[in-house]
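K.L.:
First the structure, then my questions, so here it is.
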Amino acid sequence: MLNISLDDEAERYLIEILKREEITISDLVKQLLRDRLESSQPKQTILEKMGGIPEHLLTVGDLSDREQRRSVIAERIQARYRESPWGVRHHSMVEKSE
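If you read the sequence shown in the numbering used here, its first letter stands for residue 51, the second for the next number, and so on.
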């Protein structure tokens, strides 16, 4: 257990917070400590939030070249289209009409 001494101003703030929040001193201190600890930790980067570098991007060749990126994107869109129900129906209709 930890005992602390508060000046009059801090004690007034504490009493006001406890009345408004309707919590115990112990819960208030825990909440303040938890908030302070979370705010002091370094923020996650976008890649960390996404779960790391997308591995499927690393398996393809040199994506720094614009034409290479365009062809990779086009291939993925076409593959997704062929796998979709609409793409399959469309292909079968085209084959029948020929």
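From the three backbone atoms N, C-alpha and C, an ideal C-beta is built for every residue, glycine too.
Based on Cα-Cα distance, which residue from Arg86, Ser134, Leu52 and Ser90 lies nearest to Ile75?
P.N.:
Counting from 1 along the sequence shown, the entry for residue 75 is found at position 25. The residue with the shortest Cα to Cα distance from Ile75 is Leu52.
K.L.:
According to DSSP, is Lys80 part of a helix, a strand, or is it coil?
P.N.:
Walking along the sequence shown from the start, residue 80 turns up at place 30. Three-state result, Lys80: helix.
K.L.:
Output the boundary residues of the alpha helix (DSSP H) element that contains Asp58.
P.N.:
For this step, residue 58 is matched to residue 8 along the sequence shown. DSSP places Asp58 in the uninterrupted alpha helix (DSSP H) bounded by Asp58 to Glu71.
K.L.:
How long is the line joining the alpha carbons of Asp85 and Ala60, rounded to whole angstroms?
P.N.:
Start at 1 with the first residue of the sequence shown, and residue 85 comes out as number 35. Start at 1 with the first residue of the sequence shown, and residue 60 comes out as number 10. Rounded to whole angstroms, the separation of the alpha carbons of Ala60 and Asp85 is 19 Å.
K.L.:
Could you give the DSSP three-state label for Asp85: helix, strand or coil?
P.N.:
Locating residue 85 in the sequence shown gives position 35, where the first residue counts as 1. Helix, per DSSP.
K.L.:
When DSSP labels each residue in this structure, what does Lys93 get in the three-state scheme?
P.N.:
Counting from 1 along the sequence shown, the entry for residue 93 is found at position 43. Three-state DSSP puts Lys93 in coil, outside helix and strand.
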